[in-house]
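FYI, the working numbering numbers position 127 of the sequence shown as 143, with every residue one higher than the one before it. Positions of the beta carbon are idealized from the N, C-alpha and C atoms, including for glycine. Heads up: the structure comes next, in C-alpha cells.
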Amino acid sequence: KLKTMQTMNNLTQDLTKYVNLMEDSGFKAVYGDVQNKPLLIHLLNLVLPEDVVVKDIVEYRDRERSASTIYGKSVRLDLLCEGEDGSLFDVEVQRDRQDYFFERCLYYASELYYTQLEKGNDYDRLRPVYLISLLDFKLDHQNDSLWDGGHIISRYRMTEERTGELGSKQIIIIFAEISRFTKELSECSSESDYLFYWFKKGWQYDEEPKELEGDRNMKSLVKACDVAAFPKDKLIEYQMQVMNERDTRNIIKTAER
C-alpha cells in the first residue's frame, strides 16, 4: 500500500499542468465528465455537418458494449452519449494508426445503429448514429493534396451516387485529423482553429495563453483541463488511466523491439 501511494505521488509530480486531450485519459477526464457537458456540445457542433445542431445531451450511455451474438466481438467505447432527438454520438481519440481503421469505425457504428431496435419495434424508432474520431495520424486519402491544415475534417455518409441525395436516419462517420493542423496560436482565427490547436498543443502550456482569455468556450475548456482543479476521486482515476496508458505503450514498444 505504501509503495502504491509513493508511485501515485511520483506520478502526480510528473503530470503536466493540463491534460493531453489526444490521450484517452485526458479526453475522458474532460469530455466524459457530465459537469463539462457544454464543452462536449460545443465540440460536437464544430465537427458535425452544418445541417446538424446538438442542443443538449440527455444521457451519457454505458461505454461497455457486449457482443450481440456468442461469436461477436465486445466493444469498449471512449464516450457514448445521446442527443435531445435520440441521436447517438460515439466520440473517441485515436493516437496510433491501425490497419482497417475505417472498417473498425463502421463496425462500431453499425452495432450502435442496429441495436437501437428491440423485439417488436418498427424502423421508425431508429435514430442517426455519429461516430466521431479525433486522430493523431493522417488518413490515406485518394488525393492527399485536398487535405491540409485548413481541411482536416472528413465526413462519410450514405448518398445516392448520381444525385448526391442523402439517405435519412443513417450512420455518419467523421474524422478530424488533428495531426494535419499546423497553425500556430497567433494564426488561429476561428472557434475550430482554437479548439484544434488546444487539442494538439494545450498540454504543453504551464498557464492559460492570453490569446484564449476572450473566448468563453476556450476559457472553460482550459479550466476543465487543469489537473490541479480535479476533485480527489477524479484525480486518482485520471492518474490510474495515465499509468495504464504508459504501461500499454511500454508493452507495445517492448514487443516491437
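Could you check where the beta strand (DSSP E) with residue i kicks off and where it finishes?
i, result
"A192", "I187 to E193"
"I57", "Note, I57: premise wrong, no beta strand (DSSP E); alpha helix (DSSP H) at K53 to V63."
"Q110", "L104 to Q110"
"E181", "Looking at the DSSP string, E181 is not in any beta strand (DSSP E), and its letter there is neither H nor E."
Take residue i and list the residues in its own chain whose beta-carbon comes closer than 6 Å to its own, dropping the five residues that flank it on each side.
i, result
"N107", "First, the amino acid is wrong: residue 107 is Val here, not Asn. Taken in chain order, the residues that qualify are L95 and I148."
"A45", "V35 and Y254"
"S103", "R143 and P144"
"I187", "A125, Y129 and V145"
Residue i CB to nearest chain D CB: under 7 Å?
i, result
"H157", "The chain inventory of the structure shown lacks chain D, comprising one protein chain alone."
Between which residues of its own chain and residue i is the CB-CB distance below 7 Å, once the five residues before and five after are set aside?
i, result
"Q132", "R141, L142 and R143"
"V50", "Y76"
"E223", "none"
"E261", "E39, D40 and S41"
"A240", "V46, N52 and L55"
"P210", "The sequence as given places Tyr at residue 210; Pro does not occur at that position. Cβ neighbours of Y210 beyond the five flanking positions: C204, L228, D231 and M234."
"I267", "none"
Reducing DSSP to helix, strand and coil, say where residue i ends up.
i, result
"L96", "strand"
"T85", "Residue placement at T85 is poorly supported in this model, since its pLDDT is 44, which falls under 50; the coordinates still yield a value, given next. Coil at T85, not helix or strand."
"E200", "coil"
"L150", "strand"
"M21", "For M21, the pLDDT reaches just 49, beneath the cut-off of 50, and the residue's location in the model is therefore unreliable, leaving the point undetermined."
"E75", "strand"
"Y221", "coil"
"Y129", "helix"
"K226", "helix"
"E119", "helix"
"V50", "helix"
"D138", "coil"
Candidates the options: which alpha carbon is nearest residue i's?
i, options, result
"F153", "G99, S236, T198 and D112", "D112"
"I189", "K199, C121, K217 and W163", "C121"
"P54", "G218, V70, A192 and D164", "V70"
"D115", "D101, L155 and G99", "L155"
"D30", "I268, A244 and L60", "A244"
"V238", "K226, S195, D138 and T175", "K226"
"P65", "E100, T179, F191 and I73", "F191"
"D164", "F197, L201, E98 and K216", "F197"
"L150", "F118, D67, S161 and I73", "F118"
"T175", "I168, S184, H157 and L37", "S184"
State the start and end residues of the unbroken alpha helix (DSSP H) segment that holds residue i.
i, result
"S236", "R232 to A240"
"E253", "K248 to E272"
"S41", "D40 to Y47"
"S208", "E207 to K217"
Would you list the residues sitting across from residue i in a DSSP beta bridge?
i, result
"S170", "F191"
"D164", "H167"
"V145", "L104 and I187"
"T175", "L182"
"Y34", "D242"
I'd like the list of long-range same chain contacts for residue i, defined as Cβ closer than 8 Å, with 5 residues on each side in sequence excluded.
i, result
"I86", "Unreliable placement is indicated for I86, whose pLDDT of 42 sits below 50; the coordinate value is still reported in the next sentence. Closer than 8 Å at Cβ, skipping near neighbours: no residue."
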